[in-house]
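Numbering (the numbering used here), first residue to last: 2 to 254.
Down below is the structure, laid out as structure tokens.
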Ligand code: SF4
């Protein structure tokens with residue numbers, strides 16, 4: 002998405018080069034830890050460090066993105082690309098939209114292959130921690146892609162909403178298929194089966210709303226957690242933890 006491709010691109014755009022930030026607390030959340038309640042032991046932190054180093058070598062983050070004009074919109078419905086997306090309260094949450102963008106994000110299959118091998122070797126704690134690293138990595142990738150779209154849209158005098166995915170916030174998982182019609186994952190090697198499960202497993206789809214009047218009243222929250230380096234539109238300070246901020250110029254599209 003460097004340079005010319007727009008957030009309104011009707012052609013599928015493949016993005017790579019995302020420098021992922023795999024957050025320790027997020028990984029531990031996947032392990033069942035409650036933030037500010039459960040304190041990991043030194044052994045757990047050492048295991049996390051081992052899994053993180055392994056995971057960082059194995060991830061291959063890639064995103065495919067495609068947008069389409071909105072054909073119709075009501076309180077709980079968006080019509081796009083011949084599909085009807087039934088998303089509770091989306092009219093109130095996102096306001097008037099000109100388009101929506103669909104994305105498929107994956108960190109590839111090398112992590113799950115290694116997790117399977119570790120299970121077979123009975124290295125269960127490392128297998129489970131590496132699996133959580135993979136889950137946190139793909140979440141981080143989806144966040145980074147949402148941030149990049151937000152920044153690019155503002156350069157085009159548009160707004161991009163927060164992301165939502167089938168299976169969350171009351172949006173039926175079965176509509177994964179409709180989202181797939183808008184943006185198929187095949188250009189980055191992701192497939193969807195009849196039960197709406199993706200391969201590789203560490204993959205996420207999401208939808209964003211786009212428009213000059215799209216409701217983005219969460220900018221202060223969004224900017225506070227957004228790592229987009231040198232964003233001219235930033236409304237709140239960037240996070241201060243040690244991971245690298247995202248320089249959008251390294252992301253290829
Ligand atoms: S800093 Fe704020 S305005 Fe800039 S890309 Fe991030 S969320 Fe969007």
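From the three backbone atoms N, C-alpha and C, an ideal C-beta is built for every residue, glycine too.
Beta-carbon separation (whole angstroms), residue i vs residue j, contact threshold 8 Å
{"i": "residue 197", "j": "residue 182", "result": "At roughly 13 Å, the Cβ-Cβ gap does not stay under 8 Å, so residue 197 and residue 182 are not in contact."}
{"i": "residue 206", "j": "residue 180", "result": "5 Å"}
{"i": "residue 88", "j": "residue 172", "result": "5 Å"}
{"i": "residue 224", "j": "residue 67", "result": "Contact flag wrong, Cβ pair sits at about 26 Å."}
{"i": "residue 176", "j": "residue 86", "result": "6 Å"}
{"i": "residue 217", "j": "residue 160", "result": "5 Å"}
Residue i, buried or exposed, once every other Cβ within 10 Å from all chains shown has been counted against 16
{"i": "residue 231", "result": "exposed"}
{"i": "residue 222", "result": "exposed"}
{"i": "residue 105", "result": "buried"}
{"i": "residue 37", "result": "exposed"}
{"i": "residue 203", "result": "buried"}
{"i": "residue 148", "result": "buried"}
{"i": "residue 75", "result": "exposed"}
{"i": "residue 4", "result": "Bear in mind that the predicted position of residue 4 carries a pLDDT of just 48, short of 50, making it too unreliable to give a figure here."}
{"i": "residue 226", "result": "exposed"}
{"i": "residue 58", "result": "exposed"}
{"i": "residue 27", "result": "buried"}
{"i": "residue 128", "result": "buried"}
{"i": "residue 11", "result": "exposed"}
{"i": "residue 249", "result": "buried"}
{"i": "residue 46", "result": "exposed"}
{"i": "residue 243", "result": "Model confidence at residue 243 stands at a pLDDT of 47, short of 50, so the residue's coordinates are unreliable; what they give is reported in the following sentence. Looking at its Cβ environment, which holds fewer than 16 other Cβ atoms inside 10 Å, residue 243 is exposed."}
{"i": "residue 233", "result": "exposed"}
{"i": "residue 50", "result": "exposed"}
{"i": "residue 215", "result": "buried"}
Reference residue i; option with closest CA among the options
{"i": "residue 71", "options": "164, 253, 193, 212", "result": "212"}
{"i": "residue 187", "options": "35, 6, 13, 8", "result": "13"}
{"i": "residue 73", "options": "93, 64, 99, 48", "result": "99"}
{"i": "residue 63", "options": "17, 178, 167", "result": "17"}
{"i": "residue 83", "options": "97, 101, 76, 90", "result": "101"}
{"i": "residue 95", "options": "103, 228, 210, 11", "result": "210"}
{"i": "residue 131", "options": "144, 146, 111", "result": "111"}
{"i": "residue 200", "options": "155, 136, 107, 167", "result": "107"}
{"i": "residue 155", "options": "236, 24, 193", "result": "236"}
{"i": "residue 109", "options": "127, 118, 138, 103", "result": "138"}
{"i": "residue 145", "options": "169, 48, 252, 123", "result": "252"}
{"i": "residue 15", "options": "166, 33, 191", "result": "191"}
{"i": "residue 135", "options": "81, 9, 22", "result": "22"}
{"i": "residue 60", "options": "228, 169, 116, 157", "result": "116"}
{"i": "residue 24", "options": "56, 9, 6", "result": "56"}
Closer than 8 Å to chain D by CB, residue i
{"i": "residue 196", "result": "Chain labels in this structure do not include chain D; a single protein chain is all it has."}
Span of the beta strand (DSSP E) around residue i
{"i": "residue 65", "result": "63 to 75"}
{"i": "residue 91", "result": "That residue, residue 91, is in no beta strand (DSSP E); its alpha helix (DSSP H) goes 91 to 95."}
{"i": "residue 19", "result": "Per DSSP, residue 19 belongs to no beta strand (DSSP E) and is neither H nor E."}
{"i": "residue 112", "result": "Careful: residue 112 lies outside any beta strand (DSSP E), inside the alpha helix (DSSP H) at 111 to 121."}
{"i": "residue 81", "result": "78 to 81"}
{"i": "residue 170", "result": "No beta strand (DSSP E) holds residue 170; DSSP gives it neither H nor E."}
{"i": "residue 86", "result": "84 to 87"}
{"i": "residue 98", "result": "Note, residue 98: premise wrong, no beta strand (DSSP E); not H, not E."}
Boundaries of the alpha helix (DSSP H) in which residue i is found, first to last residue
{"i": "residue 156", "result": "125 to 156"}
{"i": "residue 50", "result": "43 to 59"}
{"i": "residue 27", "result": "25 to 31"}
{"i": "residue 162", "result": "Careful: residue 162 lies outside any alpha helix (DSSP H) and carries neither H nor E."}
Near ligand 3: residue i beta-carbon under 7 Å from a heavy atom
{"i": "residue 215", "result": "Within the structure as shown, ligand 3 is missing, the only ligands being ligand 1."}
Under 5 Å from any heavy atom of ligand 1, by CB: list those residues in chain order, please. Contact residues of ligand 1 (beta-carbon closer than 5 Å to any heavy atom; chain order) are 148, 151, 152, 223, 224, 227, 229, 232, 234, 235.
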